[in-house]
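Residue numbers (our numbering), protein chains in the order written: chain B, 869 to 1194; chain V, 64 to 376.
For glycine and all other residues, C-beta sits at the position ideal for the given N, C-alpha and C.
Here the structure is laid out as structure tokens; the discussion comes afterwards.
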Amino acid sequence: MGISSLLVTNITVLVSGLAAFALIVTLIFVLASRAKVTTQEWLRYLVFLGPAALLLLVGLIGPAIRTLYLSFMNASGEEFVGFDNYVWAFARPEILLVLRNTLIWVIVAPLFSTLLGLIIAYLTDRMRGGAWVKSLIFMPMAISFVGAGIIWRFVYSFQPSESKPDIGLLSAISKGLGFDPPNWLLEAPLNTFLLIAVMVWIQTGFAMVVLGAAMKAIPDEVVEASMLDGASQWKRFLRVTVPMIRSSIVVVLSTITIATLKVFDIVRTMTGGNFQTSVIANEMYTQAFRALNYGTGSALAIILFVGVLPIVAYNIRQLRLERTER
Amino acid sequence: MTDASTTKVSQRLRGRRRVKDALSSPIASFIAVVLALLWTIPTFGLFVTSFRQVEDINVSGWWTAFANPNFTLLNYNRVLFEGEGANPPLTQFFFNSFAITIPATIIPLTLAVFAAFALAWFDFKGRDFIFFTIFGLQVVPLQMSLIPLLQLFARGVEIGGVTVIPDLGITGTYIPIWIAHSMFAMPLAIFLLHNFLAQIPREIIEAARVDGTDWFQLFRMVVFPLSIPAIASFAIFQFLWVWNDLLVGLTFGGGERDIAPLTVRLAELSGTRGSDWELLTAGAFVSIVVPLIVFFALQRYFVRGLLAGSVKG
Chain B
869 MGISSLLVTN ITVLVSGLAA FALIVTLIFV LASRAKVTTQ EWLRYLVFLG
919 PAALLLLVGL IGPAIRTLYL SFMNASGEEF VGFDNYVWAF ARPEILLVLR
969 NTLIWVIVAP LFSTLLGLII AYLTDRMRGG AWVKSLIFMP MAISFVGAGI
1019 IWRFVYSFQP SESKPDIGLL SAISKGLGFD PPNWLLEAPL NTFLLIAVMV
1069 WIQTGFAMVV LGAAMKAIPD EVVEASMLDG ASQWKRFLRV TVPMIRSSIV
1119 VVLSTITIAT LKVFDIVRTM TGGNFQTSVI ANEMYTQAFR ALNYGTGSAL
1169 AIILFVGVLP IVAYNIRQLR LERTER
Chain V
64 MTDASTTKVS QRLRGRRRVK DALSSPIASF IAVVLALLWT IPTFGLFVTS
114 FRQVEDINVS GWWTAFANPN FTLLNYNRVL FEGEGANPPL TQFFFNSFAI
164 TIPATIIPLT LAVFAAFALA WFDFKGRDFI FFTIFGLQVV PLQMSLIPLL
214 QLFARGVEIG GVTVIPDLGI TGTYIPIWIA HSMFAMPLAI FLLHNFLAQI
264 PREIIEAARV DGTDWFQLFR MVVFPLSIPA IASFAIFQFL WVWNDLLVGL
314 TFGGGERDIA PLTVRLAELS GTRGSDWELL TAGAFVSIVV PLIVFFALQR
364 YFVRGLLAGS VKG
């Protein structure tokens, strides 16, 4: 198919798809507004909550229940095996390594991303030309994990032959500093941290944008007052800025933690989970879609879910507090 | 915008400028600029490499390219326009990515605003339970939804031999990809939009209700216009997420070239031509151009959202 005809086809699909969606939504709203007040009492739940509920039930809740069910079944999902899959996960050294790696990821990536994002947001908050700095830091956020994988594989690329000059930036820098560069992505546990660096590189922009927005919402009067009090830059950061955007920090931390737990693209594209870099999300994919063992794959998914429950619980508690304040 | 609020905004801006002057320190600015450069170098290296000759790329670092400038557009010409049959040029995947991303941004956001509105302003039993469940659903790993969903799109759902949902006959089209993206976007979108909608002053909602406005008019005429900044901010993230997604496109596109997004093709190239840096670098840049344009073009929506947020404080 030629490029121009493909373009026409795609535009047609795009426009007709969106038009159909807009038409349905408008029609529902017009009809609902005409309904009797008593009908509207229940109709509003159907119209506003119905579509989202359907998507969540079919797309997430149903499959999640099925995952829990499958985690107690054998590889093909036909025979009940009790807790065998969980015992397997906590007994096999290679899976314990995966769990350890995941723990490192979940601690390091959100902490560094949020901290760097916070610092950069503060540095650029009132800076002339701060918009440019922010744009450059945010740029990785706009890049796909696939693209980021290619970018960083290039940075980490290793020159095996002694006589040829390096094409990888990291090797060149370490030689410049007098170190003999290792084959970066093969060296455990260094490689895990090199992969985490990619995640931090991406997520810092997200943290900065959200926290920067929160900082802008701090009233100038508060900042001016602290200036009049003679608070130093550092004190103002710790005593005024951070406490005032605390809830945003929590949102950022938990969002990045969740993203980190679920990420598998970086590991998949950069090492394929080899050389002791695998994480739960990647191992789960390998178990379920490569080894075709739905039992162990599902058990790993459940372990992931249990691991994240404390974050969810904490956030729910915060949410409850905010609601009672309102 | 009314005159009064315009004055208020300009007053705020003037105040800001005053504080800005007093607070900008040269050291802080310097650190920020250094960090920004550090952040940009890896991408810049790839960018430079994409304009270098194939022969140069593999025998010298990209940072040496400026000493002996020998740049070319050939790499872009190759990835964008060359190839046919089983190896179509990237231009095709570029169009596909658009056809996937725009509906997969608009549809979930619309439905999420509906749900966020209901959860923020309808008083009903079990509301908190539903909201917290949705919040918890953010962590359900995407991978485990793939098989049941694929089966649903391919042959419907049967429970105990009874057809609950029939075969929809939509495999090989964009529809499964749109729906899958909408499903996976829902928890975070509802959560974030709810946080925003819940901040609308109660008086506004109640005043409208007392006036006899029904819930549907209230949403259309009051809530939706108020939430446009929040929607725009989240739309940017959703757009980026879908445009950059690999897994959903790969799985629900079924590997069909007519509907596969750019990322699927790039990942394929990265696997099969992993050391052909001249192709990978140019291809990677083709894929990041659109997200960058979107970000810069919609940046003012961020600012508008910030102003809306600062009114509260």
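When you compare the CB of V/Ala85 with every CB in chain B, is at least one pair closer than 8 Å?
Low confidence applies here, because V/Ala85 scores a pLDDT of 49, under 50, leaving its location unreliable; read the following figure in that light. True, the Cβ-Cβ gap to chain B drops below 8 Å.
Environment of B/Gly1036 [buried if 16+ CB atoms lie within 10 Å]
buried
Checking the sheet assignment: what are the DSSP bridge partners for V/Arg115?
V/Phe134
If the cut is a Cβ gap below 8 Å, which residues of chain V does B/Asp1034 touch?
Annotation: Cβ neighbours of B/Asp1034 in chain V (cutoff 8 Å, chain order): Gly124.
Output yes if chain B places a C-beta closer than 8 Å to the C-beta of V/Glu111; else output no.
Glu is not the amino acid found at residue 111 of chain V; the sequence shown has Val there. Taking Cβ atoms only, chain B never reaches closer than 8 Å to V/Val111, which makes this a no.
Within its chain, find whatever has a CB closer than 7 Å to the CB of B/Ser1025; leave out the 5 residues flanking it on each side and keep chain order.
For B/Ser1025, where only same-chain residues beyond five positions count, the Cβ hits under 7 Å are Ile1035, Gly1036.
Roughly how many angstroms separate the alpha carbons of B/Ile1179 and B/Ile1070, rounded to a whole number?
21 Å
Taking 8 Å as the threshold, find out whether the region 274-290 of chain V comes into contact with the region 323-335 of chain V through three or more Cβ pairs.
no
Any beta carbon from chain B within less than 8 Å of V/Gly108's own beta carbon?
yes
Can you find a C-beta in chain B that's less than 8 Å from the C-beta of V/Leu256?
no
Among residues of its own chain, excluding the 5 on either side of V/Val178, which ones have a beta-carbon nearer than 7 Å to its beta-carbon?
The identity of residue 178 of chain V in the sequence shown is Ala, whereas the question assumes Val. Spatial neighbours of V/Ala178 in its own chain (CB-CB distance under 7 Å, excluding positions within 5 residues in sequence) are listed in chain order as Ile253.
Tell me, please, whether the CB atom of B/Leu1037 is closer than 8 Å to any CB atom in chain V?
yes
Can you check whether the C-beta of V/Ser290 is within less than 8 Å of a C-beta belonging to chain B?
By this cut-off, V/Ser290 is not an interface position.
Reference B/Ala900, options V/Leu136, V/Arg328, V/Trp184, V/Asp277, closest by Cα
V/Asp277
Between B/Arg994, B/Ser1012, B/Met1138, which lies nearest to B/Ile1086 when the distance is taken from Cα to Cα?
B/Arg994
Reference B/Ser827, options B/Phe980, B/Val898, B/Trp1052, closest by Cα
Only positions 869 to 1194 of chain B appear in this structure, which leaves residue 827 of chain B out of reach.
Neighbour list for B/Arg912 in chain V, Cβ cutoff strictly below 8 Å
Chain V residues near B/Arg912: Ala181, Phe185, Trp278, Phe279.
V/Met246 (DSSP reduced to helix, strand or coil):
helix
So B/Val1001 packs on V/Ala95, CB below 8 Å; how close in whole Å?
5 Å
Using only CA atoms, which one of B/Leu917, B/Phe958, B/Ala989 lies nearest to V/Trp184?
B/Leu917
Quick check: the region 1063-1082 of chain B against the region 1119-1129 of chain B, are there 3 or more CB pairs under 8 Å?
yes
Looking at the secondary structure, which residues open and close the alpha helix (DSSP H) in which V/Thr276 lies?
Counting along the chain, V/Thr276 falls outside any alpha helix (DSSP H), and DSSP gives it neither H nor E.
Using a beta-carbon distance below 8 Å, is V/Ala293 in contact with chain B?
Chain B has no Cβ within less than 8 Å of the Cβ of V/Ala293.
Whole-angstrom distance between B/Phe1157 and B/Asn942, CA atom to CA atom
15 Å
Taking the beta carbon of B/Ser1012 as the centre, do at least 16 other beta carbons fall within 10 Å, making it buried, or is it exposed?
Taking every protein chain shown into account, the CB of B/Ser1012 has 16 or more other CB atoms within 10 angstroms, so this residue is buried.
When the Cα atoms are used, what is the spatial distance from V/Phe157 to V/Ile165?
The alpha-carbon atoms of V/Phe157 and V/Ile165 are separated by roughly 13 Å.
V/Gly199: contacting residues in chain B (beta-carbon distance under 7 Å):
Val1180
Could you tell me the alpha carbon to alpha carbon distance between B/Phe1022 and B/Lys1084, rounded to whole angstroms?
37 Å
Check whether the region 316-323 of chain V touches the region 964-977 of chain B, taking contact to mean three or more Cβ pairs, one atom from each stretch, closer than 8 Å.
no
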